[in-house]
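Peer 1: Please find one structure pasted underneath; my questions will follow.
Structure below.
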């Protein structure tokens, strides 16, 4: 099997896994909401309602497709497509596990190990705003336009603090921007220099402030509660997707869940060691390499699922911010804290070494 | 050979999208074609092994500046009906200035000698570490001057945006 073919299969698998996780996130969201509100949640389609996402998908496809006559038809279709495209593009640079080995050939579980991995993610994230803006404007509806304006200004504002918080992490990994290098650096060395357990040298223990800033920004970038102002239904009906129906609406909602999945993955890779798990060095001495690789993939997905759960937990716990509060939090609190964090990290590295 | 093919495809895309920027009737489409143009230019950087420059180009231009531009164009709601009619005098002035610019460009192109493409000595030339080292050693002064310029622009923006107290 050539490397190219393996990459092709990996891309296909990632595509299917992203869609599958997004589909079952909708189910999980409803079950968790039900649990937090002391209800049962969906339980009619299949055992425990497990076929609910499929039923929802079929429903979305069969609904009538409405394109408003006063809208810009081309852009109206382009909006959700671009949003979905950018949501799916991010997973290309994420290392999903330790390399697999078959017949003496090593297969990296990463589509592209480019040396600007984290910048690539920031770039794709900053493009995500186009899907919302184009869709909101093309609808020719004032609520949709207002939602689009809110979404884009919110995403631009929080991108800066997000980038600043990542810089503090990058300073610690000898300035490498490759996600693979960032993850690998968290699997070696002792935590705080003396706790001798392999695989838990995670950045979150050194950079708690950067982690919290990144987490808050990830919520804002995904337009999730408490920052879901672009689609605040009590003020804007449905926000930027007010005029959308059928599978185009489905694409918007679906892409949002994919974004949540990717955000969880990036958080896990940057701050929680990615595919590293406690005792990874010991495990690789007693178990075959491929088994360790599979465990590492499982470890990464365990972290991802925890963060997806966290996203949902917050959604059903916290109320929505007001718009001025959102802007004040982004610009006057997160941004200065992130800059100070970068300065302190730099000073510590210069004066105390690593 | 294949990189030459990629270059020609990217070059065609850049030129076609740039033409569409000018010829689109709706300003929204102009902005969107400009974004396509920026992407093709980022592609040129990748072909030249300048990955960092490519991604920064996308983040800064496509991700931030063009979003603000789209923002403004969308809120202004520019339509064909409301487009102000231009007088003949303005059209005449535009032709003359455009022609003069073309003359300068043609003269510059005539006097340059065509060179062959020289591949960078090392693959890593455009990598972020090397760009950073260059910026903070050989090009320290221009780099710092640019930051001063940016700070001046930022302060200016804040002063302009701040509400005056009555």
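Residue numbers (our numbering), protein chains in the order written: chain A, 300 to 653; chain B, 24 to 189. Here a beta-carbon is modelled for each residue, glycine too, at the ideal position from N, C-alpha and C.
(1) In the DSSP assignment, find the beta strand (DSSP E) that holds residue 491(A) and state where it starts and stops.
(2) Go through its chain and collect everything with a Cβ distance to residue 466(A)'s Cβ below 7 Å, but skip five positions before and after it.
(3) Name the chain A residues whose beta carbon is nearer than 9 Å to that of residue 190(B)?
(4) In the DSSP output, what is residue 401(A) paired with across the bridge?
(5) Hey, quick one: how far does the alpha helix (DSSP H) through residue 114(B) stretch, first residue to last?
(6) Can you tell me the Cβ-Cβ gap for residue 396(A) and residue 569(A), rounded? I've got them flagged as a contact below 8 Å.
(7) Quick check on the DSSP output: the alpha helix (DSSP H) that includes residue 521(A) runs from which residue to which?
(8) Considering only residues of the same chain and omitting the five flanking positions on each side of residue 53(B), which have a CB-CB separation below 6 Å?
(9) Given residue 490(A), which residues of its chain have a CB within under 8 Å of its CB, disregarding the five upstream and five downstream residues?
(10) Could you check how far apart the C-beta atoms of residue 564(A) and residue 603(A) are, in whole angstroms? I think they sit under 8 Å.
(11) Could you tell me whether the stretch 616-626 of chain A touches the stretch 419-427 of chain A, using the rule of 3 or more Cβ pairs below 8 Å?
(12) Thinking residue 562(A) and residue 521(A) are a contact (beta carbons under 8 Å), I'd like their distance in whole angstroms, please.
(13) Pull up the distance between the alpha-carbon of residue 161(B) and that of residue 519(A), whole angstroms please.
(14) Would you kindly work out how many angstroms separate the C-alpha atoms of residue 119(B) and residue 177(B), rounded to a whole number?
(15) If you drop the 5 nearest sequence neighbours on each side, which residues of the same chain put their C-beta closer than 7 Å to that of residue 369(A)?
(16) Mind pulling the chain A residues with CB within less than 7 Å of residue 87(B)?
(17) Does the count of Cβ pairs from the stretch 404-412 of chain A and the stretch 347-355 of chain A closer than 8 Å reach three?
(18) When the Cβ atoms of the stretch 543-563 of chain A are set against those of the stretch 448-462 of chain A, are three or more pairs found closer than 8 Å?
(19) Identify the continuous alpha helix (DSSP H) that holds residue 35(B) and give its terminal residues.
(20) Would residue 455(A) and residue 77(B) qualify as a contact pair, given that the criterion is a beta-carbon distance under 8 Å?
(21) Who are the near neighbours of residue 374(A) in its chain, counting only those whose CB is closer than 6 Å to its CB and skipping five residues on each side?
(22) Would you mind working out which of 573(A), 557(A), 586(A) and 390(A) sits nearest residue 597(A), comparing C-alpha positions?
(23) Which class does residue 108(B) belong to by DSSP, given the choice of helix, strand or coil?
(24) Pairing CB atoms from the stretch 571-587 of chain A with CB atoms from the stretch 379-399 of chain A, are three or more of them under 8 Å?
Peer 2: In brief:
(1) Here residue 491(A) is taken as the residue at index 192 of the first chain, counted from 1. Per DSSP, residue 491(A) belongs to no beta strand (DSSP E) and is neither H nor E.
(2) Taking the first residue of the first chain as position 1, residue 466(A) is located at position 167. Within the same chain, residue 466(A) has close Cβ partners 641.
(3) Nothing can be reported for residue 190(B): it is not among the residues displayed for chain B, which extend from 24 to 189.
(4) Reading the first chain from its first residue, position 102 is the one you call residue 401(A). In DSSP, residue 401(A) forms a bridge with 404(A).
(5) In the second chain, the residue the question calls residue 114(B) occupies position 91. Residues 111-134.
(6) The sequence position of residue 396(A) within the first chain is 97, counting from 1. The sequence position of residue 569(A) within the first chain is 270, counting from 1. With a Cβ gap of about 16 Å, residue 396(A) and residue 569(A) do not count as contacting.
(7) Residue 521(A) sits at position 222 when you count from the first residue of the first chain. That residue, residue 521(A), is in no alpha helix (DSSP H); it is neither H nor E in DSSP.
(8) Against the second chain, residue 53(B) aligns to sequence position 30. By the criterion of a C-beta distance shorter than 6 Å, residue 53(B) is surrounded in its chain by 44 and 47, once the five residues flanking it on both sides are discounted.
(9) Within the first chain, residue 490(A) is the residue found at index 191, counting from 1. 496, 499, 500, 501 and 504.
(10) Your numbering for residue 564(A) matches position 265 in the first chain. Your numbering for residue 603(A) matches position 304 in the first chain. Right, their Cβ atoms sit about 5 Å apart.
(11) With fewer than three CB-CB distances shorter than 8 Å, the stretch 616-626 of chain A does not count as touching the stretch 419-427 of chain A.
(12) As a first step, residue 562(A) is located in the first chain; it is residue number 263 there, counting from the start. As a first step, residue 521(A) is located in the first chain; it is residue number 222 there, counting from the start. Going by Cβ atoms, the distance from residue 562(A) to residue 521(A) rounds to 6 Å, so yes, they are a contact pair.
(13) On the second chain, residue 161(B) is found 138 positions in, with the first residue counted as 1. On the first chain, residue 519(A) is found 220 positions in, with the first residue counted as 1. Between residue 161(B) and residue 519(A), the C-alpha separation is close to 39 Å.
(14) Looking up residue 119(B) in the second chain gives position 96. Looking up residue 177(B) in the second chain gives position 154. Separation of residue 119(B) and residue 177(B) (C-alpha to C-alpha, rounded to the nearest whole angstrom) is 36 Å.
(15) Taking the first residue of the first chain as position 1, residue 369(A) is located at position 70. Apart from the 5 residues on each side of it in sequence, residue 369(A) sits with its Cβ closer than 7 Å to the Cβ of 439 in its chain, given in chain order.
(16) Residue mapping note: residue 87(B) aligns to position 64 of the second chain, counting from 1. Result: 425 and 455.
(17) Segment contact: the stretch 404-412 of chain A against the stretch 347-355 of chain A, fewer than three CB-CB distances shorter than 8 Å; contact not assigned.
(18) No, they do not touch.
(19) Along the second chain, one-based indexing puts residue 35(B) at 12. Going by DSSP, residue 35(B) is part of the alpha helix (DSSP H) stretching over 25-46.
(20) Position 156 of the first chain, counted from the first residue, corresponds to residue 455(A). Position 54 of the second chain, counted from the first residue, corresponds to residue 77(B). Contact flag unset, no.
(21) Position 75 of the first chain, counted from the first residue, corresponds to residue 374(A). Around residue 374(A): 433 and 437.
(22) Against the first chain, residue 597(A) aligns to sequence position 298. The residue among 573(A), 557(A), 586(A) and 390(A) with its C-alpha nearest the C-alpha of residue 597(A) is 573(A).
(23) Residue mapping note: residue 108(B) aligns to position 85 of the second chain, counting from 1. Of the three classes helix, strand and coil, the one that applies to residue 108(B) here is coil, per DSSP.
(24) The stretch 571-587 of chain A vs the stretch 379-399 of chain A: in contact.
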